[in-house]
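Our numbering numbers the first residue of the sequence shown as 1 and each following residue consecutively.
Note that the Cβ used here is the ideal one computed from N, Cα and C, for glycine as well.
Read the structure below first, then the notes.
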Amino acid sequence: MTLETGDLLQSILDSLDRIDYIRPDDIPDIELYMDQVTTFMDSRLKNAARNPEVDKILTKTMINNYAKNDLLPPPVRKKYSREHMLLLIFIYYFKGILSISDIQTVLKPITDRFFAGNEGLKLETIYNEVFSLEREEVEVMKQDVVRKYHKAQETFSDAATEDQEFLQTFSFICMLSFDVYVKKMLIEKLIDSCSAKETDTTEHRSRHSRSDKKQ
1 MTLETGDLLQ SILDSLDRID YIRPDDIPDI ELYMDQVTTF MDSRLKNAAR
51 NPEVDKILTK TMINNYAKND LLPPPVRKKY SREHMLLLIF IYYFKGILSI
101 SDIQTVLKPI TDRFFAGNEG LKLETIYNEV FSLEREEVEV MKQDVVRKYH
151 KAQETFSDAA TEDQEFLQTF SFICMLSFDV YVKKMLIEKL IDSCSAKETD
201 TTEHRSRHSR SDKKQ
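Structure, rendered in structure tokens:
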């Protein structure tokens with residue numbers, strides 16, 4: 001695969017076409033033990049791993065750590081519901097770019113308000129709404145990758161022939177990395193904003209509760 005032949009670009013585009021997500025209907029409509037959870041997640045997300053034969057999608061230790069860090073509500077009688085599975089899928093995608101504390105900030109309000117239908121709206125509805133955007137976003141991403149690829153091919157035109165291919169690949173990597181860097185920075189700013197708002201809301205509820213008790 002080289003930038004010169006375009007094989008690398010086609011390989012990337014093919015990978016984007018293979019991106020998929022676990023639909024709620026694919027999740028067994030029964031509660032699962034931990035071994036069943038890890039087996040299911042592994043079978044559904046293995047193809048998304050960088051090294052499918054080596055990388056672990058989800059392990060018992062990971063699940064226990066998520067529960068320990070309040071990313072995941074505890075199982076009921078050692079069994080995990082569909083909603084547990086949906087949260088684990090969110091965690092799987094978030095953990096590649098966010099810290100555990102940031103994931104906690106993002107998911108805690110979702111879990112507190114909507115896990116087990118606490119406020120009417122189901123977690124499954126939220127999941128479907130978010131992932132319904134996936135196909136459209138993949139197409140936009142493919143167009144952007146193609147643009148960056150052609151831009152990278154225009155760089156280092158004066159470099160020695162034996163260096164040009166690598167340098168153009170380096171340009172491509174840098175452009176993609178800058179995109180990730182900026183988006184990660186934006187995500188972190190949004191998370192900080194959400195954290196501040198959540199703190200204000202919690203303090204307001206606490207003051208309101210104390211006021212009610214005095215009355």
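>> How far does the alpha helix (DSSP H) with LEU58 in it extend, from its first residue to its last?
In response: That residue, LEU58, is in no alpha helix (DSSP H); it is neither H nor E in DSSP.
>> Taking the beta carbon of LEU9 as the centre, do at least 16 other beta carbons fall within 10 Å, making it buried, or is it exposed?
In response: buried
> Count the other CB atoms within 10 Å of the CB of LEU133; is the residue buried (16 or more) or exposed (fewer)?
Replying inline: exposed
>> Going by the DSSP bridge assignment, what does VAL76 pair with across the sheet?
In response: LYS79
>> Here's a check: name, in chain order, each residue in its chain whose Cβ is nearer than 8 Å to the Cβ of PHE114, leaving out the five neighbours to either side.
In response: LEU121, LYS122, LEU123 and ILE126
> Could you give the residue range of the alpha helix (DSSP H) that holds VAL109?
Replying inline: One detail in the question is off: residue 109 reads as Pro in this sequence, not Val. First-last of the alpha helix (DSSP H) with PRO109: 100-114.
> Rounded C-beta distance between ILE103 and LYS95? I'm assuming under 8 Å.
Replying inline: 7 Å
>> Contact between the stretch 29-38 and the stretch 71-82 is defined here as three or more beta-carbon pairs at a separation below 8 Å; is this criterion met?
In response: yes
> LEU235 bridges to which residues according to DSSP?
Replying inline: Not covered by the structure: residue 235. The range shown for the chain is 1 to 215.
> Leaving out five residues before and five after GLU24 in sequence, what residues of the same chain have Cβ atoms less than 8 Å from its Cβ?
Replying inline: For the sequence presented, residue 24 should be read as Pro rather than Glu. Once the five neighbours on either side are set aside, the close Cβ partners of PRO24 are ARG82, LEU86, GLU124, TYR127 and ASN128.
>> In whole angstroms, give me the CA-to-CA distance for LEU107 and THR59.
In response: 20 Å
>> Is the beta carbon of GLN164 closer than 8 Å to that of ALA152?
In response: no
> Helix, strand or coil for LEU186 per DSSP?
Replying inline: helix
> Which class does LEU133 belong to by DSSP, given the choice of helix, strand or coil?
Replying inline: coil
> Within 10 angstroms of its Cβ, does ALA196 collect 16 or more other Cβ (buried), or is it exposed?
Replying inline: exposed
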